[in-house]
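See below for the structure under consideration.
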Amino acid sequence: MRRTILSIAVFSGLAPMAQGQECGVAGPDAVTGQIGAVANYAPVGDFEALGLGLTLCNRGNAGLVVNVNNAQHPIAIANLYKITLGPGPTRIEQIGMSWAFHEFAVLQTAVCCACTPGTSSLLGPGCSSANSASIMSTQSQLGPRWQVNAASGVSVFPRANPPIADATMRRVRVPLSELESGAQIRYITEGMYLAPDDAAAGHAANGVSWREVTATTIAGNWSFVLTGSTVVASPAIEAWAARDAGVRVRIVDIPGDGRVVVASRATDLGNGQWHYEYALQNLTSHRAVGGVRVPVHAWSSVTSPGFHDAAYHGGDGIPADPANPNTTARDFDATDWAFARSAQAARWSTTPFTENDNANALRWGTLYNVRFVANAPPTTGTLALELFRPGTPGEAHAEGLDVPAPPCVGDYNQSGGTPDDADVAAFFTDWNDGAPRADVNFSGGTPDDADVSHFFDLWNEGC
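Quick note on numbering: the sequence shown equals residues 45 to 507 in our numbering.
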């Protein structure tokens, strides 16, 4: 088993991911303590819809403010994911998302911790408050995600309220084309709470929990039923790792911003070919991710590049006129990330923020995938996450993930074994011809003396 879960701040060391119930932490701490119910809705056109009933828990030692008359209140989102297991490559993909539910009043129960009761507008220390799936699916109570800064927990008040086109809008809306049955298919629900005072206390990243559901269909109508128990303070990407021990998971905490979680899985396809699958889940990063680079040596082939994202709906995007969000609502751009290959990486990216602030960035509460096939076995390496909104740092890094292993450049003719004189001869043939392959230091341009020096360093190191 090589499943690994580590936490990586962009420029720091490693620490374990916090999971489960931890009561009495400093300040208010909003957590999804339970995913307790599912509401199923009839499909409309090509889309299914459902809703989740969530229990908000305050695991902190201070009250959590719930003021419906301003922005000082918790919000919650719901997501749906599909895990595809073997045989063959495994993956997790987000297939549905809701708008943000705005909490308006709370009960004082003790689902998660010992409760010191507050009021309807203050969730006491240790207290919990459950909402039914029907309440949390009430379309008028749901606001667009684009108005929420997940890193700070702050949302715009009053929230935008564009026209509602049909019964699937604002709920967990799922394309019917994404739904399938089979022994290799698993479905995962996810709920996440955010709040301004929770984020100010340093707890913004732990409000997310997941739970499996079973899915059945009769005459094209899908029904989801909860199974198992809620895994508290854990993102849905962890459900993939829980069902495939070969998945590696890394946490990236971006200074002054939020958290992104990245997972990888390398699968041997036979005949020297390997499938590389990556899931990138933005939990709370307001700056968002606009691109990702996977290190791949120039000598390695990259085929079948793929991308998968989640679909926004109902006008959840930067309005054409932000001063009139209800009449100029539009979804975030759904254009797939463009793929490009360089001498040192495989890269996927969306349109830069400076060109389109409504571009298809990996925003908070969503999970995107990139994938490809390479003719190289895996080693561990670092993915670069290109941040979408301007700021410092310009990118973050997820270390210790599956990437294609670079070839032994000293064995220039790739004959195997210890580099020898035949490799030197092959290198100088390419070098004299100005072949790009002889640019072994990837400086660009015509191979030069620096490439000769670098080649002999590698040749002397052996393989």
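For each residue, glycine too, the CB sits at the ideal point set by N, CA and C.
Counterpart residues of residue i in DSSP-defined beta bridges
i: Cys101; result: Val75 and Ser172
i: Asp312; result: Trp318
i: Trp392; result: Val336 and Phe383
i: Leu238; result: Ile119
i: Leu406; result: Val333
i: Thr153; result: Ser172
i: Tyr125; result: Gln138 and Ile232
i: Pro219; result: Phe91
i: Ala418; result: Trp318 and Val346
i: Tyr356; result: Beta-bridge pairing links Tyr356 to no other residue.
i: Asn413; result: Ala323 and His352
i: Asp262; result: Checking the sequence shown, residue 262 turns out to be Ile, not Asp. According to DSSP, which records beta bridges pairwise, Ile262 is partnered with Asn265.
Minimum C-alpha distance to residue i - residue among the options
i: Gly425; options: His441, Val218 and Trp190; result: His441
i: Arg294; options: Thr372, Asp301, Pro279 and Gly300; result: Pro279
i: Thr212; options: Trp318, Ala482 and Gly89; result: Gly89
i: Val39; options: Glu321, Thr233, Val306 and Gly246; result: Nothing can be reported for residue 39: it is not among the residues displayed for the chain, which extend from 45 to 507.
i: Leu406; options: Pro450, Val306 and Gly488; result: Val306
i: Ala289; options: Val269, Val257 and Ala310; result: Ala310
i: Phe499; options: Ser459, Cys452, Ile179 and Glu430; result: Cys452
i: Phe432; options: Tyr412, Tyr456, Thr395 and Gly95; result: Thr395
i: Arg135; options: Gln78, Gly350, Ala174 and Pro219; result: Gly350
i: Pro450; options: Gly435, Ala389 and Gly478; result: Ala389
i: Ser70; options: Leu108, Asp483 and Asp474; result: Residue identity check: residue 70 is Ala in the sequence provided, not Ser. Considering only alpha carbons, the answer is Leu108.
i: Asp467; options: Asn175, Val496 and Asp401; result: Val496
i: Arg217; options: Tyr412, Phe486, Asn84 and Pro422; result: Asn84
i: Ala387; options: Pro463, Ser344 and Thr490; result: Ser344
i: Ala364; options: His352, Ala354 and Asp377; result: Asp377
i: Ala382; options: Asn413, His319 and Cys159; result: Asn413
i: Asp353; options: Ala263, Ile362, Trp408 and Ala277; result: Trp408
Backbone secondary structure at residue i - three-state DSSP
i: Met213; result: coil
i: Arg287; result: helix
i: Arg203; result: coil
i: Ile295; result: strand
i: Ala177; result: helix
i: Glu256; result: strand
i: Ala373; result: coil
i: Gly489; result: coil
i: Asn84; result: strand
i: Ala248; result: helix
i: Val110; result: coil
i: Ile362; result: coil
i: Ile281; result: helix
i: Ala482; result: helix
i: Ala243; result: helix
Pairwise C-alpha distance: residue j and residue i
i: Ser51; j: Asp297; result: In this predicted model, Ser51 has a pLDDT of only 38, less than 50, meaning its place in the structure is not dependable enough to derive any value.
i: Thr182; j: Gly334; result: 32 Å
i: Pro169; j: Pro202; result: 27 Å
i: Asp446; j: Asn250; result: 25 Å
i: Gly97; j: Arg287; result: 24 Å
i: Arg374; j: Pro480; result: 46 Å
i: Arg255; j: Cys156; result: 16 Å
i: Thr260; j: Glu224; result: 9 Å
i: Gly488; j: Phe471; result: 17 Å
i: Thr76; j: Gln317; result: 41 Å
i: Gly235; j: Ala120; result: 7 Å
i: Asn404; j: Gly140; result: 16 Å
i: Asn111; j: Val150; result: 10 Å
i: Ser164; j: Val304; result: 33 Å
i: Gly444; j: Asn315; result: 25 Å
i: Gly272; j: Gln458; result: 51 Å
i: Ala122; j: Gly438; result: 29 Å
i: Asn105; j: Ile79; result: 23 Å
i: Gly302; j: Tyr322; result: 20 Å
i: Thr436; j: Glu430; result: 11 Å
i: Ala81; j: Met180; result: 10 Å
i: Val200; j: Asp210; result: 24 Å
i: Thr128; j: Leu411; result: 15 Å
i: Ser329; j: Ala194; result: 6 Å
i: Ala482; j: Trp475; result: 5 Å
N- and C-terminal bounds of the alpha helix (DSSP H) containing residue i
i: Ala428; result: Where Ala428 is concerned, there is no enclosing alpha helix (DSSP H), although the beta strand (DSSP E) it sits in stretches over Pro422 to Leu431.
i: His498; result: Asp493 to Glu505
i: Asp467; result: Asp465 to Asp477
Beta strand (DSSP E) segment containing residue i, residue limits
i: Asp446; result: Glu439 to Pro448
i: Ser348; result: Val346 to His352
i: Trp266; result: Asn265 to Leu270
i: Phe145; result: Ala144 to His146
Contact test: residue i Cβ vs the ligand GTP heavy atom, cutoff 6 Å
i: Pro133; result: Ligands displayed in this structure: none; no statement on the ligand GTP is therefore possible.
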